[in-house]
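One structure is given below, encoded as structure tokens.
There are 2 protein chains.
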Amino acid sequence: MEKYSRQRQEILDFLIESYDHPTAEEIYAEVKKRGSTASKGTVYRNLNFLSEKGIIEKISMLNGADRYDYKKTPHNHVICSKCNKVFDFEYNFNLKRLRKSILEQTEIEDFSDYVIVQGICKKCLKN
Amino acid sequence: MEKYSRQRQEILDFLIESYDHPTAEEIYAEVKKRGSTASKGTVYRNLNFLSEKGIIEKISMLNGADRYDYKKTPHNHVICSKCNKVFDFEYNFNLKRLRKSILEQTEIEDFSDYVIVQGICKKCLKN
DNA sequence: ACAAAAATAGGAATAATTCCTATTTAGAAA
DNA sequence: TTTCTAAATAGGAATTATTCCTATTTTTGT
């Protein structure tokens, strides 16, 4: 039986209304600004908790801090490997075939129905 | 004109014959064991150099240190989010359609022709 | 061989995240 | 509605991962 503490709810609430994949540091700063008593340890603990529950998604970055995203609807991510900006995109994979390939070729049993692609954004390409 | 120093070559050589996506720390330990004089700074610098050149791939992890992979042939990765093990798999995406979706929906201009999927492996699923 | 550019070693510094301990809180049950 | 206890928290120390710094060395082109 989970205890949904005030702090956990504040963190989740902020993620629900966020659309820009904030880092733990940004989440910490924002909930503090809104009056939360949450410590940094609490923020990290809850982000891990919520992402293990599958309520939010932890997005690993090529460089820099991880980012977090509330799972509104299933969507994919493409990440600029220069500036670390994360973009959402929708795409219908042939999940049945993807599932088959992964099951046949790896030891992975259970997996996400979205993918991560690495790229470079327009702005960074100019420089 | 790049200078392929002895250290850079040692690091690359090790990655070429590796099939288990080692971390920077593991690469450092192994080349040292083989007699390289490379410092940790040199290992990191060269891993970044090689991955910017597209010769190797830096794989961002959900938790723990990044991993590196020599690009033998294009292949996708599926990562166990519990134990961090990385598996390769081959899969033919409809790259034309994927490209179109990403270009239409995001600011990303140029991107990899492989994807990363998150999952849980058999072993971790048992526990 | 010489100069210039690039790369290195080694360690300090920074960034990101986890861990620790004493205290507080949420929720169940009486 | 008080009490009990597992779960959660605050705050900071510790750890991990990575980058940065500077003096020295090496590589490559001429």
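Each protein sequence line maps, in turn, to chains V and R.
The opening residue of the first sequence carries number 4 in this note's numbering; numbering runs sequentially from there.
The opening residue of the second sequence carries number 4 in this note's numbering; numbering runs sequentially from there.
Glycine included, each C-beta is placed from N, C-alpha and C at the ideal position.
Predicted model only: the values in this text are computed from it and were never measured.
Beta strand (DSSP E) segment containing residue i, residue limits
i	result
V/Asp16	Note, V/Asp16: premise wrong, no beta strand (DSSP E); alpha helix (DSSP H) at Arg9 to Glu20.
R/Val120	Ile119 to Cys124
Start and end residues, alpha helix (DSSP H) containing residue i
i	result
V/Glu28	Ala27 to Lys36
V/Glu110	Neither: V/Glu110 is in no alpha helix (DSSP H) and is coded neither H nor E.
R/Ser54	Lys43 to Glu55
Proximal residues of chain R, C-beta to C-beta of residue i below 7 Å
i	result
V/Thr109	Val81, Phe90 and Phe92
Own chain residues within Cβ distance below 6 Å of residue i, not counting five before or after
i	result
V/Lys126	none
R/Ser84	Leu65 and Gln121
R/Cys86	Cys127
R/Asn79	Phe92, Tyr94, Tyr117 and Val118
Nearest-angstrom Cβ-Cβ length linking residue i and residue j, presumed shorter than 8 Å
i	j	result
R/Leu18	R/Ile59	6 Å
R/Ala68	R/Val46	Actually they do not touch by this definition, with Cβ atoms about 12 Å apart.
V/Tyr73	V/Ser21	7 Å
V/Glu112	R/Cys124	7 Å
Contacts around residue i, its chain only, beta-carbon distance under 8 Å, and the 5 residues preceding and following it disregarded
i	result
R/Asp116	Pro77, Phe96 and Leu98
V/Ile82	Ile62, Met64, Leu65, Lys88, Val89, Phe90, Ile119, Val120, Gln121 and Gly122
R/Ser54	Glu60, Lys61 and Tyr71
V/Leu50	Ile14, Ala27, Ile30, Ile59, Lys61 and Tyr71
Closer than 8 Å at the beta carbon, the chain R residues around residue i
i	result
V/Glu112	Gly122, Ile123, Cys124, Lys125 and Leu128
Per-residue contacts from residue i into chain V (C-beta, under 7 Å)
i	result
R/Lys61	Leu65
R/Val118	Val118, Ile119 and Val120
R/Leu101	Tyr94
R/Ser115	Val120, Gln121 and Gly122
Residue i: contacting residues in chain V (beta-carbon distance under 8 Å)
i	result
R/Ser104	Phe92, Glu93 and Tyr94
Same chain, Cβ closer than 7 Å to residue i, five either side skipped, listed in chain order
i	result
V/Ser39	Gln10 and Glu13
R/Phe114	Ile105
Neighbouring residues, chain V, relative to residue i (Cβ below 9 Å)
i	result
R/Pro21	According to the sequence provided, residue 21 of chain R is Ser. The question's Pro does not apply to it. The contacting residues do not exist; R/Ser21 stays about 18 Å from chain V at best.
Residue i CB to nearest heavy atom of the ligand MG below 7 Å
i	result
R/Cys127	As far as ligands go, the structure on display features none, and thus does not contain the ligand MG.
**Unbroken stretches of the beta strand (DSSP E), 3 residues or longer, contained in the stretch 57 to 107 of chain R** = 59 to 62, 70 to 73, 79 to 83 and 89 to 92
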